[in-house]
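Undergrad: For the sequence shown, counting from 1, position 142 maps to 142 in the working numbering; every step adds exactly one.
Structure incoming, see below.
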Amino acid sequence: MTSLYVALALTGFGEGLISLFVPIYFWQLGFPLWRIIFFYFLISVYFTALTFLFASFLRRLSDKMMMFLSVPFAIIYFLGLGEISTYPVLFFALPAVHALNILLFNVGYHLDFSGSADKDHIGTEVGMRSLVVSLVTIGAPFIGGVIIVLFGFQYVFLTGSLVLFAAILPLLFFPKRRAAPDIGAGRVWNFLTARALLPFTASGAGYAMASMVGVIVWPLFIFFALSGIESYGGVQSAGLLASSLTAFFVGFLSDQGKRRRTLRYSALALSLVWASRAFIGGALSYYADFLFAGVDASSLFAPAKRFFCGEFCFGRAFYNTLSLCEQNAAH
Numbered sequence: 001m002t003s004l005y006v007a008l009a010l011t012g013f014g015e016g017l018i019s020l021f022v023p024i025y026f027w028q029l030g031f032p033l034w035r036i037i038f039f040y041f042l043i044s045v046y047f048t049a050l051t052f053l054f055a056s057f058l059r060r061l062s063d064k065m066m067m068f069l070s071v072p073f074a075i076i077y078f079l080g081l082g083e084i085s086t087y088p089v090l091f092f093a094l095p096a097v098h099a100l101n102i103l104l105f106n107v108g109y110h111l112d113f114s115g116s117a118d119k120d121h122i123g124t125e126v127g128m129r130s131l132v133v134s135l136v137t138i139g140a141p142f143i144g145g146v147i148i149v150l151f152g153f154q155y156v157f158l159t160g161s162l163v164l165f166a167a168i169l170p171l172l173f174f175p176k177r178r179a180a181p182d183i184g185a186g187r188v189w190n191f192l193t194a195r196a197l198l199p200f201t202a203s204g205a206g207y208a209m210a211s212m213v214g215v216i217v218w219p220l221f222i223f224f225a226l227s228g229i230e231s232y233g234g235v236q237s238a239g240l241l242a243s244s245l246t247a248f249f250v251g252f253l254s255d256q257g258k259r260r261r262t263l264r265y266s267a268l269a270l271s272l273v274w275a276s277r278a279f280i281g282g283a284l285s286y287y288a289d290f291l292f293a294g295v296d297a298s299s300l301f302a303p304a305k306r307f308f309c310g311e312f313c314f315g316r317a318f319y320n321t322l323s324l325c326e327q328n329a330a331h
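This is the structure we're talking about:
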């Protein structure tokens with residue numbers, strides 16, 4: 001899995017330079033909060049439509065080809081963000097581009113991971129993946145913040161795009177795997193409505209809602225509290241390290257038969273973290289809360305994937321995007 005780790009590390013670094021700053025970038029362009037949420041809502045709509053539209057087509061592609069094809073869409077998306085104020089139509093076009101990137105990369109990655117991972121040590125391998133990728137990408141948010149302060153958002157979009165282009169190279173060095181031959185829109189729907197998976201579906205949807213709020217809205221609160229792009233990037237880097245170390249440790253525990261207990265306690269702790277956010281104030285409190293949230297979220301990640309490896313592979317990306325439909329309806 002070495003080539004996969006390298007590809008993930010480069011992809012994570014490139015996206016880490018940019019993705020965390022997108023809501024702040026929109027805010028500084030003068031976008032109101034509802035419009036920022038609507039942008040991510042469009043990504044959800046496109047992703048859902050493309051999932052059902054292209055589900056049958058994806059079985060013709062190998063995992064390597066899907067990940068390879070996802071990179072150009074990521075580059076177009078990030079470069080397009082730099083021009084969104086000049087060409088307003090990009091506000092509606094870029095979500096479709098990003099949705100294709102998400103769909104191709106996540107299906108390709110999870111297909112490769114599920115085929116190459118040691119089935120008896122899924123939790124450890126999930127944790128190791130998080131640790132390796134995070135150690136490489138830990139400085140990305142801080143570096144991205146420094147580039148933005150010194151040169152502007154356009155330069156960080158360009159830098160991230162160049163790193164993503166380099167991520168193509170490791171894809172040449174691992175074997176091809178294909179999706180199940182019977183995958184299609186009907187099977188996707190059956191997965192979402194299967195009674196046996198309803199607990200996973202409900203928990204996945206709830207976790208995804210919290211994750212998306214953490215990606216879109218919460219970064220703005222932290223940015224306002226810290227009053228600086230570079231400080232915000234530094235906090236994100238510290239949170240990334242804490243969450244990756246937790247994912248590795250919890251992944252090891254999940255392989256030792258302690259999955260249910262870890263899931264139960266981690267879910268409770270994450271709920272308490274979100275409840276505390278209604279009462280905290282001040283930069284130090286936001287910083288501590290962000291670190292605890294990263295630790296708790298990572299402690300859910302490995303045992304969940306260990307429990308439902310195949311379901312988790314598809315469900316994580318699907319629920320993350322679908323959750324925004326519900327959030328947008330609430331606004």
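No residue lacks a Cβ here, since even glycine has one placed at the ideal position from N, Cα and C.
Treat the numbers as computed from the prediction; the structure is a model and nothing was measured.
1. Spatial neighbours of I76 within its chain, please: CB distance less than 7 Å, with the 5 preceding and 5 following residues excluded, ordered by chain position.
2. Out of L94, I168, M212, which one is the CA nearest neighbour of L42?
3. Taking all protein chains shown into account, do 16 or more other C-beta atoms lie within 10 angstroms of the C-beta of L103, making it buried, or fewer, making it exposed?
4. Round the Cβ separation of V163 and L17 to the nearest angstrom and send it over; I've been treating them as touching at under 8 Å.
5. Assess, as a yes-or-no matter, whether the segment 76-87 is touched by the segment 49-64 under the definition of 3 or more beta carbon pairs within less than 8 Å.
6. Pull up the distance between the alpha-carbon of I222 and that of Q28, whole angstroms please.
7. Apart from the five residues on each side of it in sequence, which residues of its chain come closer than 8 Å, Cβ to Cβ, to F26?
8. Can you tell me which of the three DSSP states S62 falls into?
9. Roughly how many angstroms lie between the CA atoms of M67 and P32, to the nearest whole one?
10. Which full runs of the alpha helix (DSSP H) of 4+ residues lie inside the segment 1-53, going along the chain?
11. Could you check the C-alpha separation between N332 and L150 for me, to the nearest Å?
12. If you draw a straight line from the alpha carbon of F54 to that of A194, how long is it in whole angstroms?
13. Just verifying my parser: in three-state terms, what is the DSSP assignment at Y77?
14. Measure the alpha-carbon distance for F52 versus Y109 and round it to whole angstroms.
15. Taking the CB atoms as reference points, tell me whether G14 and A167 lie closer together than 8 Å.
16. Under 8 Å between the Cβ atoms of P219 and I24?
17. What distance in whole Å lies between the Cβ atoms of F47 and A99, which are believed to be in contact at a cut-off of 8 Å?
18. Assuming S70 and F105 form a contact by the criterion Cβ under 8 Å, report the distance between their Cβ atoms to the nearest whole angstrom.
19. To the nearest angstrom, report how far apart V215 and A9 are at their CA atoms.
20. Considering only residues of the same chain and omitting the five flanking positions on each side of Y155, which have a CB-CB separation below 6 Å?
21. Verify the CB distance criterion: does N101 have a CB-CB separation below 8 Å to chain B?
22. Apply the 10 Å Cβ neighbour rule to F173 and answer buried if 16 or more other Cβ atoms are within range, or exposed otherwise.
23. Determine the direct distance from the alpha carbon of S161 to that of F153, and round the result to whole angstroms.
24. Give me, in chain order, the residues of the same chain whose beta-carbon lies closer than 6 Å to that of L198; leave out the 5 immediate sequence neighbours on both sides.
25. The alpha helix (DSSP H) with T159 in it runs from where to where?
26. Given this structure, state the Cα-to-Cα distance separating G12 from V213, to the nearest angstrom.
27. Evaluate F73 with the Cβ neighbour count: other Cβ atoms within 10 Å of its Cβ, from every protein chain shown; 16 or more gives buried, anything less gives exposed.
28. Going by beta carbon distance, what residues of the same chain come within less than 7 Å of A332, once the five residues before and after it are set aside?
TA: Considering the structure as presented:
1. V97
2. L94
3. buried
4. Correct: roughly 7 Å between the Cβ atoms.
5. Counting C-beta pairs closer than 8 Å gives fewer than three between the segment 49-64 and the segment 76-87, which falls short of the contact rule.
6. Cα to Cα, I222 sits roughly 15 Å from Q28.
7. R35, I36, F39
8. strand
9. 34 Å
10. Within the segment 1-53, the complete alpha helix (DSSP H) runs of at least 4 residues are 2-16, 22-28.
11. Since the first residue of the chain shown is 1 and the last is 331, residue 332 is not available in this structure.
12. Between the alpha carbons of F54 and A194 lies a gap of roughly 21 Å.
13. helix
14. 19 Å
15. A contact, by the Cβ cut-off of 8 Å.
16. Yes; because the gap between Cβ atoms is below 8 Å, this pair is in contact.
17. 4 Å
18. 4 Å
19. 20 Å
20. If we look at Y155 and ignore the five residues flanking it on each side, its Cβ neighbours are I147.
21. The chain labelled as chain B is not found in the depicted structure, where only one protein chain is given.
22. exposed
23. Distance from the CA atom of F153 to the CA atom of S161, rounded to whole angstroms, is 12 Å.
24. Result list for L198: empty, nothing under 6 Å.
25. 153-166
26. About 20 Å.
27. buried
28. Absent from the model: residue 332. The displayed extent of the chain is 1 to 331, so no value can be given.
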